[in-house]
Amino acid sequence: MAQRAVVEIDRARIAELTEREEKKLNETTQGSKRLYERARRSLAGGVPSSYHLRDPWPIYLAEGKGPRVWDVDGNEMIDFHNGFGSMVQGHANPAVIEAVEARLAVGTHFAAPTEDGVVVAEHLVERFRLPKWRYTNSGSESTMDAIRIARGFTGRDTIVKIFGSYHGHHDYVMVSIGVPYDRIGDRENYESLPYGEGIPKVVADLTIAVPFNDAGAMERRIERLVEEGRKPACVIMEAAMMNLGIVLPEPGYLEAVRELTERHGIVLVFDEVKTGLCIAGGGAVERFGVQPDMITLAKSLGAGLPSGAIGATEEIMQVVENERVYQVGTFNGNPASMAAARAGLEQVLTPEAYEHLDALNDRLMAGCEAVVEKYSLPGYAVGVGAKGCVTFSPEKIVDYETFKANQDGELMDLAWLYNMNRGIFMTPGREEEWTLSVTHSFDDCDAFVGVFEEMAHDLTA
Ligand SMILES: Cc1ncc(COP(=O)(O)O)c(C=O)c1O
Numbered sequence: 002m003a004q005r006a007v008v009e010i011d012r013a014r015i016a017e018l019t020e021r022e023e024k025k026l027n028e029t030t031q032g033s034k035r036l037y038e039r040a041r042r043s044l045a046g047g048v049p050s051s052y053h054l055r056d057p058w059p060i061y062l063a064e065g066k067g068p069r070v071w072d073v074d075g076n077e078m079i080d081f082h083n084g085f086g087s088m089v090q091g092h093a094n095p096a097v098i099e100a101v102e103a104r105l106a107v108g109t110h111f112a113a114p115t116e117d118g119v120v121v122a123e124h125l126v127e128r129f130r131l132p133k134w135r136y137t138n139s140g141s142e143s144t145m146d147a148i149r150i151a152r153g154f155t156g157r158d159t160i161v162k163i164f165g166s167y168h169g170h171h172d173y174v175m176v177s178i179g180v181p182y183d184r185i186g187d188r189e190n191y192e193s194l195p196y197g198e199g200i201p202k203v204v205a206d207l208t209i210a211v212p213f214n215d216a217g218a219m220e221r222r223i224e225r226l227v228e229e230g231r232k233p234a235c236v237i238m239e240a241a242m243m244n245l246g247i248v249l250p251e252p253g254y255l256e257a258v259r260e261l262t263e264r265h266g267i268v269l270v271f272d273e274v275k276t277g278l279c280i281a282g283g284g285a286v287e288r289f290g291v292q293p294d295m296i297t298l299a300k301s302l303g304a305g306l307p308s309g310a311i312g313a314t315e316e317i318m319q320v321v322e323n324e325r326v327y328q329v330g331t332f333n334g335n336p337a338s339m340a341a342a343r344a345g346l347e348q349v350l351t352p353e354a355y356e357h358l359d360a361l362n363d364r365l366m367a368g369c370e371a372v373v374e375k376y377s378l379p380g381y382a383v384g385v386g387a388k389g390c391v392t393f394s395p396e397k398i399v400d401y402e403t404f405k406a407n408q409d410g411e412l413m414d415l416a417w418l419y420n421m422n423r424g425i426f427m428t429p430g431r432e433e434e435w436t437l438s439v440t441h442s443f444d445d446c447d448a449f450v451g452v453f454e455e456m457a458h459d460l461t462a
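Each residue of the sequence shown is one higher than the one before, starting from 2 at the first, in my numbering.
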C-alpha cells in the first residue's frame, strides 16, 4: 500500500453525523421497533442469534429477491450483507427454488442418504481437490468435527489457530478472538483467552493462537509446543482472514505454512466457511493455489439452507470410515439442503458467474478506492471474489495486532448507518465485509460507491 497524505478526521464530526444518522434510522424502522418489543418477551434479546443484535433494536427483514431485501417497514435495500456471505446465489434464485420445491413435494428428511448428497460430494471433490467429504449443518459443526477428525487422526489434543480468527461458536475455537487487546500477551506467546464465559479453561488452553501472515512465528510456536510434548494435531486457519474486514495472505505465506505443517506432520485445515464458494469455484484452494489436508465449508454451500461440509485426504478420512472417529448428525446431508446445494453448484455458481463476481468486485473496489483518494481518507479497499471492504486504517492491516491498533471502528459504525439510511443493507460490526451475489449489477455497485462518497464528503466538508 503506497503511503499518501491523509486528512485528520474530526472526531466530533463523526459523533455528530453518527447521532444524526442513528436518529434517522430509528425513525424509519418503527415496525422493527414494534417487533422487537414483542420479540424480546419470548426470544432472548429479541433475536435468534446474538450476532443479530443491534442497539436500540435489530432490523427485522421480511423478504429478499435477487440482490434486494425489504425490512418489515417496507424499506427496500440492495443487499451487500447477503446472510454473512451465505447468499452468493442471490435471494430466491429460481434454480434453487425449483430444486427445493421439487424436493419438498417428495419428502424433506429421512436421516438416510439421498442421491443429491452424492452428487454434491462429487462436485466438491472436483472443485476443492480433496477426495472424501462429509456433511454437517453449519460452519461451527464443520470446524468442530474437522478438529475432532484431526485429533483422532494424529492422536494429539493441542490445536493451533490464528489470533483474531473466528471459526464458529464451539469451545475449541471460541478462543483468542474479540478479546481485550491489552491481554493478548506477547506475539511469540499469545495467551489462550476464551471468548465469553462458559468455556472451560482446560479446553481454551488446548487452543494456541499465532499471528496471521507470520510463518516464522507459527513455526517457532509449534517448535516450542513440540519441546513441551504438546505437538499440535492441526493448524486451522482461513487462507484469507474474513473476520478483520479482509486480510489477504502476503505472498509466500500460505506456501510457507503448507511446507512447515507438512514437515511437522500437522494437519492443515483451511476453514473455507467464508472464503469457499464466495471467492472462486474452488475457493481459496483454487484462488491461492495451496492445497490443505482438510477443508471446512458452510454458509454459501446451501444457497440459504443450513448446510456444511468437511473435505479431507483419503488417509485422514480413514479414521471416519473405520469409525475411530464418529462424524454424525441427524440432519447431515438433509435432502432439502442438498437439493439447494446441487442446484447452486450446477446451475448458478458456474465459471461465468465467478467472472461476473470478479468484475463486480473490481468495479466496487475501484470506486471505493477512488473515493478514498479523492477525499484523502485514511483507508483502502481490499477484497477477493465476491467479498470486499473498505478498511479504515492509515496502515495496511496484516494481522490482529495491526487491526486492533489501527482500524477506525467509529468510522465503520458511521459507514454502516450511512448505508442503511440510503438503501444499502450491510453487515453490522467492525469486523465484517460485503458479499456480492451473482444477481448484483454494476449499478448496484455504483450505488454503494455513491453512498460512500456522500459520507466522505460530509466527513470532510
Ligand atoms: C470462517 C468461519 N468459520 C466458521 C464459522 C461458523 O459458521 P456458523 O455460523 O455457520 O456456525 C464462521 C461464521 O461466521 C466463519 O466466518
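Just so you know, even glycine gets a beta-carbon here, dropped at the ideal spot from N, CA and C.
If you're wondering where the values come from, they're calculated on a predicted model, not measured in any experiment.
DSSP-derived helix/strand/coil call for residue i
i, result
"LYS275", "coil"
"GLU64", "strand"
"PRO352", "helix"
"VAL97", "helix"
"HIS265", "helix"
"VAL452", "helix"
"ASP459", "helix"
"MET78", "strand"
"ILE124", "The amino acid at residue 124 is misidentified as Ile; the sequence shows His. HIS124 falls in the helix class under three-state DSSP."
"TRP417", "helix"
"GLY282", "coil"
"HIS441", "coil"
"ALA210", "strand"
"PHE426", "strand"
"THR331", "coil"
"GLU385", "The question names Glu, yet the displayed sequence has Val at residue 385. Residue state, collapsed to three classes: strand."
"ILE1", "Outside the modelled stretch of the chain, which goes from 2 to 462, sits residue 1, for which no answer is possible."
"VAL258", "helix"
"MET242", "strand"
Backbone CA spacing between residue i and residue j [nearest angstrom]
i, j, result
"ASP158", "THR208", "9 Å"
"MET456", "TYR419", "7 Å"
"GLU172", "VAL385", "Here residue 172 is Asp; the residue named in the question, Glu, does not match the sequence. Distance between the alpha carbons of ASP172 and VAL385 is about 30 Å."
"VAL176", "SER143", "17 Å"
"LEU54", "LYS232", "39 Å"
"ASN463", "GLU22", "No answer is possible for residue 463: the residues shown for the chain start at 2 and end at 462."
"GLY46", "SER33", "14 Å"
"VAL399", "LYS388", "17 Å"
"SER394", "ASP363", "20 Å"
"PRO49", "VAL450", "32 Å"
"ALA299", "GLY312", "12 Å"
"ALA285", "ARG184", "32 Å"
"ALA13", "ASP409", "14 Å"
"ILE223", "LYS405", "24 Å"
When the options are compared against residue i, the one with the closest alpha-carbon
i, options, result
"THR1", "LEU269, TYR376, ILE296 and ALA257", "Nothing about residue 1 can be reported from this structure: the residues present for the chain run from 2 to 462 only."
"ASP447", "THR19, ILE10 and ILE79", "ILE79"
"TYR136", "ARG42, PRO114 and ARG221", "PRO114"
"PRO132", "SER141, VAL121, GLY140 and ASN138", "VAL121"
"GLU116", "TYR381, SER338, LYS397 and GLU454", "SER338"
"LEU460", "GLY67, PHE111 and THR19", "THR19"
"GLY253", "GLU224, GLY380, VAL204 and ALA216", "ALA216"
"GLN319", "GLU77, ALA103, GLY86 and ARG152", "ARG152"
"GLY75", "ALA63, GLY84, GLY86 and PHE81", "ALA63"
"ASN407", "GLY380, VAL329 and ASP414", "GLY380"
"GLN292", "ARG184, VAL329, LYS300 and GLU273", "GLU273"
"GLY334", "ILE15, LYS24, ARG5 and PHE111", "PHE111"
"TRP134", "VAL329, GLU347 and ASP414", "VAL329"
"PRO212", "VAL286, VAL204 and GLY186", "GLY186"
"ARG130", "ALA100, ARG288 and ALA234", "ARG288"
"ASP84", "ALA462, LEU302, ALA96 and GLY410", "A small correction: the amino acid at residue 84 is Gly; Asp does not occupy that position in the sequence shown. For the residues ALA462, LEU302, ALA96 and GLY410, the minimum Cα distance to GLY84 belongs to LEU302."
"PRO336", "ILE148, MET145, ASP11 and ALA106", "ALA106"
"GLU123", "ARG69, GLU347 and VAL383", "GLU347"
Endpoints, alpha helix (DSSP H) assigned at residue i
i, result
"TRP134", "Unbroken run through TRP134 is the beta strand (DSSP E), 133-137; no alpha helix (DSSP H)."
"LEU249", "Premise fails: LEU249 is in no alpha helix (DSSP H) and is neither H nor E."
"VAL48", "Unbroken run through VAL48: none, as it is neither H nor E."
"LYS388", "Unbroken run through LYS388 is the beta strand (DSSP E), 388-392; no alpha helix (DSSP H)."
"MET339", "336-344"
"VAL145", "A quick correction: the sequence has Met, not Val, at residue 145. From DSSP, the alpha helix (DSSP H) with MET145 extends over 140-155."
"MET219", "216-228"
"VAL204", "202-205"
Residue range of the beta strand (DSSP E) that includes residue i
i, result
"ILE311", "309-313"
"THR297", "295-298"
"ILE163", "160-163"
"GLY84", "Unbroken run through GLY84 is the alpha helix (DSSP H), 83-86; no beta strand (DSSP E)."
"ALA69", "Looking at the sequence provided, one finds Arg at residue 69 rather than Ala. It spans 69-72 - the beta strand (DSSP E) in which ARG69 sits, taken as one unbroken run."
* Asked: Looking at C-beta atoms only, is the number of pairs between the stretch 58-69 and the stretch 34-46 that lie closer than 8 Å three or more?
  -> Note that the stretch 58-69 touches the stretch 34-46; at least 3 beta-carbon pairs, one per stretch, sit closer than 8 Å.
* Answer yes if the stretch 420-431 comes into contact with the stretch 225-242, meaning at least three C-beta pairs across the two stretches below 8 Å, and no otherwise. => Segments in contact, no.
* Asked: Does the count of Cβ pairs from the stretch 330-342 and the stretch 298-312 closer than 8 Å reach three?
  -> The stretch 330-342, when compared against the stretch 298-312, does touch it at the 8 Å Cβ threshold.
* To do: Flag this pair as touching only if the stretch 159-169 and the stretch 308-327 have three or more C-beta atom pairs under 8 Å; answer yes or no.
  => They do not touch, by the three-pair rule.
* Validate contact between the stretch 82-95 and the stretch 438-447 using beta carbons, cut 8 Å, 3 pairs -> The way I'd put it, the stretch 82-95 does touch the stretch 438-447; three or more beta-carbon pairs between them come closer than 8 Å.
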